[in-house]
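*Asks:* Before I ask anything, let me first share the structure, which is written out below as structure tokens.
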Amino acid sequence: MLPQSFTVITGNSVRLLAEVSQDFFPKEVRFYATYKASVDSLKFPQKANIEKYLGTVARPPYELIADLTGIPDQDECALYFILETLDSSGKVYRTVPSLKKDLVLDRHEGVSSKIFECGHTRRPMRIDGDLDDWKNADSISFLNAGNTITARVQWDDGYLYFGITVYDNTIIHPYAKSGYLTENKDLWPGMPDSGNFVPLWLSDEIEIFFDTDHSHGYFRTLKHMHFLVGAGNAYYGRKYDRKKGISEMWGKTALCSVRIWDKPSRYTVEIAFPWAELEIKPEKGLIMGFDLFNKDYMFANGPSTSKSWSGVEYTNYNNPSEWANIELTGSPVPPWFAIVLGTGMAVGLVLLGFAWKRTRQESGQNAPRNELIVKNVEEYIKANFSDPELSVSKAAGVSGVSAKYAGGLYKTYKKMSINQYLNNMRLEKAKDLLRTTDKNITEITFEVGYASPDYFTKVFKAAEGMVPSEYRLKTGKTAKSL
8 MLPQSFTVIT GNSVRLLAEV SQDFFPKEVR FYATYKASVD SLKFPQKANI EKYLGTVARP
68 PYELIADLTG IPDQDECALY FILETLDSSG KVYRTVPSLK KDLVLDRHEG VSSKIFECGH
128 TRRPMRIDGD LDDWKNADSI SFLNAGNTIT ARVQWDDGYL YFGITVYDNT IIHPYAKSGY
188 LTENKDLWPG MPDSGNFVPL WLSDEIEIFF DTDHSHGYFR TLKHMHFLVG AGNAYYGRKY
248 DRKKGISEMW GKTALCSVRI WDKPSRYTVE IAFPWAELEI KPEKGLIMGF DLFNKDYMFA
308 NGPSTSKSWS GVEYTNYNNP SEWANIELTG SPVPPWFAIV LGTGMAVGLV LLGFAWKRTR
368 QESGQNAPRN ELIVKNVEEY IKANFSDPEL SVSKAAGVSG VSAKYAGGLY KTYKKMSINQ
428 YLNNMRLEKA KDLLRTTDKN ITEITFEVGY ASPDYFTKVF KAAEGMVPSE YRLKTGKTAK
488 SL
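Here's what the structure looks like:
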């Protein structure tokens, strides 16, 4: 017996049982798993899907406790199991499901703690790809190999707006079509293609995911919406429910514009999603599941890299339980506020005093959120300290706050600056490499994120009272030539 459809596997082992007829006694039964590869690379240099041998059983009840340790987490319709039976004559019978089982392999506990704060705007945003209206908008940033992705967001009563920049040295968009791809009817195994389907994911692209009922379930429903935008200004949206057998397009009334720029090479995306499309009434405090995904190709039909803001692996990015969140915050400044400020200094001072008290109160109320921002900063630095271009802005961007705000919070909670934490992280890693490897100083410099050996040596001596080579000799490790 294989796992039933819509089963969630949360551990590293699963029980597989081959059901054979009473009059058939196979010599052995072999078990295999097919799954989506961690590296999203079509045709080059690795297959998009991998078949893995799990084990062989040579006697009844033909049961195997399969080890799934080497298989990355998988979203629905990516993982399935295959049986091979070998009869007494040596003939092999292979049993492949006619339809892939809707299985999820998810060993990651909980959902992403990241929250993208979305401020309110009084002025409708222009959707032209120029990104002229986003100076005061909340933002997030993340890296995908050589790409840097920055997204900004705002909302009003009519729309949810996004302004996205993807810095990309090689922008691949092999399809001539642009605008909404009305013939891109969603499909999955067993369902016919429309005949004019454009595989937008074979170009450089961004994808936006919404969990509009904030359920964070393992399987997508019609409340889980997905919008794909290619660098060549082609786009479409989809939503589906495999349990109910429903697949629909959506986002046809969304406004979208994409532009490609030089110096530096990048493409920009502006989108306005009508709240009517999202089937939500907007209000301050509304939280939805959300994620932003980027795919980047080195060249057409070549290898690609994929990354999402939440940090979920490409193999599991269609799993809503792994997505982060977006929260509507802020409200228009009331007209009376400006009038009162103009009535005199005394009133202004009273208002400032009130604002100071309110800030202190809100700081206490927002303690869990502030702690989350501090945690996100540290997690981002731990994952990216080797990047010489890592900045406070990037670390703050994962929580959708400014560098100044994150820096102030971090110093309040940790009694040090974010840059001090980053430097400590790099130095501890450098000391570990000096003690445990024979890598030379130059190699260690770049591995831990410093831009030059001279600067690394200067920082190291200031912190440890000796240069790296002296530290290595003191710890008794022999190094390669410098």
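Going by the working numbering, the sequence shown wraps up at 489, each residue one higher than the last.
Glycine residues also receive a C-beta, built at the ideal position from the N, C-alpha and C atoms.
1) Residues bridged to E58 by DSSP?
2) Kindly indicate which three-state DSSP category S400 falls into: helix, strand or coil?
3) Taking C-alpha atoms, which residue in K246, S12, E190, R479 lies nearest to C84?
4) Using the Cα positions of A413 and V381, report the straight-line distance between them to the nearest angstrom.
5) D80 by DSSP, collapsed to three states: which one?
6) Please classify K50 as buried or exposed, where buried requires at least 16 other C-beta atoms within 10 Å of its C-beta.
7) What are the residues that DSSP puts in a beta bridge with F169?
8) Identify whether K98 lies in helix, strand or coil by the three-state DSSP scheme.
9) Runs of 3 residues minimum, wholly inside the stretch 284 to 345: which ones carry the beta strand (DSSP E) assignment?
10) Y324: which of E26, F38, S119 sits nearest, CA to CA?
11) Identify, in the order they occur along the chain, each residue of the same chain with its Cβ nearer than 6 Å to the Cβ of W343, setting aside the five sequence neighbours on each side.
12) For D439, report the span of its alpha helix (DSSP H) as first-last.
13) If distances are taken between C-alpha atoms only, which option among K250, A238, E255 comes closest to G244?
14) Taking only three categories from DSSP, how would you classify S20?
15) For H221, which of P181, G186, G292, N176 has the nearest alpha-carbon?
16) So, at 6 Å on beta carbons, what are the nonlocal neighbours of Y100 in its own chain, with the 5 sequence-adjacent residues on each side left out?
17) What is the C-beta distance between W162 and L335, in whole angstroms, given that I count them as a contact (C-beta under 8 Å)?
18) Alpha carbon to alpha carbon, how far is Y87 from I57? Give it in angstroms, no decimals.
19) Take S146 as the anchor and find which of E450, A403, L429 has the nearest alpha-carbon.
20) Tell me the rounded alpha-carbon separation between G415 and N430.
21) According to DSSP, is R376 helix, strand or coil?
22) When we look at the beta-carbon of M352 and count the other beta-carbons within 10 Å, is it buried (16 or more) or exposed?
*Replies:* Quick look at the numbers:
1) T41
2) helix
3) S12
4) 7 Å
5) coil
6) Note that K50 scores 48 on pLDDT, short of 50, meaning its location in the model is unreliable; the coordinates nonetheless yield the value given after this. By the neighbour-count rule (16 or more Cβ atoms within 10 Å), K50 is not buried but exposed.
7) V160, I278
8) coil
9) 294 to 304, 311 to 315, 331 to 335
10) S119
11) Reliability fails at W343, whose pLDDT of 41 lies under 50, so the model's placement of it is uncertain and the value that follows must be treated cautiously. Contacts found: none.
12) 425 to 443
13) E255
14) strand
15) G292
16) T92
17) 6 Å
18) 11 Å
19) A403
20) 17 Å
21) helix
22) For M352, the predicted structure reports a pLDDT of 44, less than 50, and the residue's modelled location is therefore unreliable. A value from the coordinates is still provided. Flag for M352 reads exposed.
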